[in-house]
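Down below is the structure, laid out as structure tokens.
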Amino acid sequence: DSGHTVVADQAQAMVEWMDDFFGDPTYDLEKAESYLRLEFENDWEQNEGNDFGVRLRGKVQLPKISQRVDLLFSEEDNASADREDREDIDNVSLQLRVREGDSSRFDATLGYSSGNLKPGVRYRNEGDIDFGRSYRYVQRLQYEDDEKFFTLGQVDLFQTFNNRDVLRWTNRVKYGENTEGAEWRTRLSLFQRFAVDTKRPLALNHFASIRGETRPKSFIKNYRLGTIWRRQVYRDFLFVELEPGLNYRRAEYEDQRELSWSFVIRLEIALSRDLTRGKRDISKEEDSAMEPLPDA
Numbered sequence: 015d016s017g018h019t020v021v022a023d024q025a026q027a028m029v030e031w032m033d034d035f036f037g038d039p040t041y042d043l044e045k046a047e048s049y050l051r052l053e054f055e056n057d058w059e060q061n062e063g064n065d066f067g068v069r070l071r072g073k074v075q076l077p078k079i080s081q082r083v084d085l086l087f088s089e090e091d092n093a094s095a096d097r098e099d100r101e102d103i104d105n106v107s108l109q110l111r112v113r114e115g116d117s118s119r120f121d122a123t124l125g126y127s128s129g130n131l132k133p134g135v136r137y138r139n140e141g142d143i144d145f146g147r148s149y150r151y152v153q154r155l156q157y158e159d160d161e162k163f164f165t166l167g168q169v170d171l172f173q174t175f176n177n178r179d180v181l182r183w184t185n186r187v188k189y190g191e192n193t194e195g196a197e198w199r200t201r202l203s204l205f206q207r208f209a210v211d212t213k214r215p216l217a218l219n220h221f222a223s224i225r226g227e228t229r230p231k232s233f234i235k236n237y238r239l240g241t242i243w244r245r246q247v248y249r250d251f252l253f254v255e256l257e258p259g260l261n262y263r264r265a266e267y268e269d270q271r272e273l274s275w276s277f278v279i280r281l282e283i284a285l286s287r288d289l290t291r292g293k294r295d296i297s298k299e300e301d302s303a304m305e306p307l308p309d310a
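The structure is reproduced here in structure tokens:
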């Protein structure tokens, strides 16, 4: 039992380290402190040229109102780290933590964008499956004037290797009154970290994804391969990302599928109380794993 607990803690710490280092939106929403992420992004695509943009997202605690209420701004409606799924909208919302247990959490949200209110609820459940394996399940139900009612579900399966690599398989489905049937995506990502003993380690995310829809005709919209190179530079709160990618897509069922290279350069300013790459000190947990286990 003690050995299982140590392995489970190490695996969870590795997943949290990767989520925090890459700024995963789902992980950020449940941080215990306020945070801010300002991104300057230049997105080049072979068939479309350059597109420069600035994105701001964050969470501000409102302790004078309630310890359970947070103010969110520029929250992606899909809570996805995949840039293809992001929507460039200005959104402000309140998040109320209704109930939280050891492995689950239930939130009520009220968003505001372009003069429209967006009420919704969000449920998350996560836990261990086996040695080094864990899961995370997030389900959202929301109403918007343009999309009406829709639900968004995402399941993440994690496998850790040698306290350095994390394999993540993400499956996501969005379905609603105005969606193209079930809009789905599956993505397999291998996260790796290097130079762990240095002040600013390097992390890579190699990924392959497939996305599609089921209405009016079921077809795959895009196959995508890529790698994200991410590292802190100069200061702990400055991150640089390089993301080369290859798309094999068609926008509509009748279109011919085309190959398209892409390359993203991203500079991120990340401000929060804790920028030590995760709440847990993984090195200490690794040392604790080497200690002899207590007698049964």
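If you want this note's numbering, it's the 1-based position in the sequence shown plus 14. Quick reminder that beta carbons are idealized off the backbone N, C-alpha and C, glycines included.
Test item: CB-CB of residue i and residue j under 8 Å
i	j	result
Ser-286	Tyr-41	no
Leu-252	Ile-224	no
Gly-8	Asn-105	The chain is shown from 15 up to 310; residue 8 falls before or after that span and cannot be answered.
Tyr-237	Tyr-262	yes
Thr-200	Thr-184	yes
Ala-25	Thr-174	yes
Arg-280	Glu-53	yes
Arg-138	Arg-119	yes
Met-32	Val-247	no
Gly-13	Leu-273	In the structure as shown, the chain begins at 15 and stops at 310. Residue 13 is therefore absent and cannot be evaluated.
Arg-245	Arg-264	no
Asn-219	Phe-36	yes
Distance between residue j and residue i (C-alpha atoms, nearest Å)
i	j	result
Arg-178	Val-187	29 Å
Phe-163	Trp-198	17 Å
Ala-27	Phe-208	16 Å
Arg-51	Trp-275	27 Å
Glu-257	Asp-142	31 Å
Ala-346	Phe-205	Outside the modelled stretch of the chain, which goes from 15 to 310, sits residue 346, for which no answer is possible.
Asp-160	Tyr-189	14 Å
Ser-203	Glu-30	15 Å
Leu-108	Gln-75	10 Å
Lys-78	Ala-217	38 Å
Asp-170	Leu-43	16 Å
Val-278	Asn-64	9 Å
Leu-86	Asp-211	34 Å
Gly-167	Asn-61	31 Å
Lys-45	Lys-231	40 Å
Asn-92	Asn-176	In this predicted model, Asn-92 has a pLDDT of only 45, less than 50, meaning its place in the structure is not dependable enough to derive any value.
Asn-56	Arg-136	32 Å
Asp-34	Val-68	21 Å
Gly-129	Asp-38	28 Å
Phe-172	Trp-243	20 Å
Bridge partners - residue i, DSSP secondary structure assignment
i	result
Ala-284	Arg-51
Pro-133	Leu-124
Ala-196	Tyr-189
Asp-144	Arg-147
C-beta neighbour in chain B for residue i, strict 8 Å
i	result
Leu-216	Absent from the structure is chain B; it holds one protein chain and no more.
Q. Taking the runs of the beta strand (DSSP E) that are 3 residues or longer, which of them lie wholly in the stretch 220-279?
A. Assignment of beta strand (DSSP E) within the stretch 220-279, counting only whole runs of 3 or more residues, yields 233-247 and 249-263 in chain order.
Practice task
Let me know the beta strand (DSSP E) ranges lying completely inside the stretch 157-189, each 3 residues or longer, listed in chain order.
Solution key: The stretch 157-189 contains these whole beta strand (DSSP E) runs: 162-175.
task = For the stretch 34-86, list the alpha helix (DSSP H) runs that are entirely contained and at least 4 residues long, ordered along the chain.
result = The stretch 34-86 contains these whole alpha helix (DSSP H) runs: 39-43.
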